[in-house]
Amino acid sequence: MLALSPDVVVIATGGLPQNPPLDAGAELVTSSWDIVAGAMKPAETVLLYDHNGGHQGMTAAEIASDAGAGVELVSPEGFFAPEVGGMNHVPYMRAFHEKGVRITINARLVAVRRDGNQLVATLGSDFATGWRDERRVGQVVVERCRSTIHI
425 MLALSPDVVV IATGGLPQNP PLDAGAELVT SSWDIVAGAM KPAETVLLYD
475 HNGGHQGMTA AEIASDAGAG VELVSPEGFF APEVGGMNHV PYMRAFHEKG
525 VRITINARLV AVRRDGNQLV ATLGSDFATG WRDERRVGQV VVERCRSTIH
575 I
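Just so we're aligned: the sequence shown equals residues 425 to 575 in our numbering.
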């Protein structure tokens, strides 16, 4: 490599999903990769936090809803799945409406805690400091984080 005198050398070795920075409960979340790969079955109720905005989160939500789970898709974005493009929203929305998937935008997963046999997901807002809302679900699924922004 040195004989080529490169200005820059990039070593690309692949990657693994990165969970969003949580105040608590990172060990309680399930990766969307595990849902898509079939390594984990969706619980009866699922909060899917999509910090990536691509097909991966949408696919995991569709798999969970097809398995009979009640699904809420949460995104910190101003609209869900900004990376999939307008034409791809149609089949996802059709599937989500048919299965009753709830979509919550402008909310960020802040923490997860166990309460009996349920998980309590705490949501926060980038727009209102201190705003919090909670969801009680059987499983919190996280599609990988794109940045380390933390509220």
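The C-beta atom is built at its ideal place from N, Cα and C for all residues, glycine as well. All values reported here derive from a predicted model rather than from experimental measurement.
{"Asked": "Would ASN541 be called buried (16 or more neighbouring beta carbons within 10 Å of its own) or exposed?", "Found": "exposed"}
{"Asked": "Pick out the complete alpha helix (DSSP H) segments inside the segment 477-565, 4 residues or longer, and give them in chain order.", "Found": "479-490, 510-523"}
{"Asked": "Do the segment 483-501 and the segment 522-532 touch if we need at least three Cβ pairs shorter than 8 angstroms?", "Found": "yes"}
{"Asked": "Would you say ILE435 faces chain B, with C-beta separation under 8 angstroms as the test?", "Found": "Included in the structure is just one protein chain, with no chain B present."}
{"Asked": "For PRO506, which residues of its own chain have a beta-carbon under 7 angstroms away from its beta-carbon, when the five flanking residues on both sides are left out?", "Found": "GLY477"}
{"Asked": "If you run the structure through DSSP and keep just helix, strand and coil, what is LEU446?", "Found": "coil"}
{"Asked": "Go through its chain and collect everything with a Cβ distance to ARG559's Cβ below 6 angstroms, but skip five positions before and after it.", "Found": "LEU471, ALA545"}
{"Asked": "Output needed for ILE487: all residues of its chain with C-beta closer than 8 angstroms, excluding positions within five of it in sequence on either side, in chain order.", "Found": "ILE459, VAL460, PRO466"}
{"Asked": "Please list the terminal residues of the continuous alpha helix (DSSP H) segment that includes VAL460.", "Found": "456-461"}
{"Asked": "Distance, Cα to Cα, ALA484 vs HIS475?", "Found": "13 angstroms"}
{"Asked": "Measure from the alpha carbon of GLU567 to the alpha carbon of each residue in ASP447, ALA427, SER429, PHE504, then state which is nearest.", "Found": "PHE504"}
{"Asked": "Check for me: the beta strand (DSSP E) holding VAL470 runs from which residue to which?", "Found": "469-474"}
{"Asked": "Compute the beta-carbon to beta-carbon distance between VAL565 and THR469, rounded to the nearest angstrom, for a pair I have assumed lies under 8 angstroms.", "Found": "Contact doesn't hold; Cβ gap of about 11 angstroms is too wide."}
{"Asked": "Is the beta carbon of MET425 closer than 8 angstroms to that of VAL415?", "Found": "Past the boundaries of the shown model lies residue 415; the chain is included only from 425 to 575, so the question cannot be answered."}
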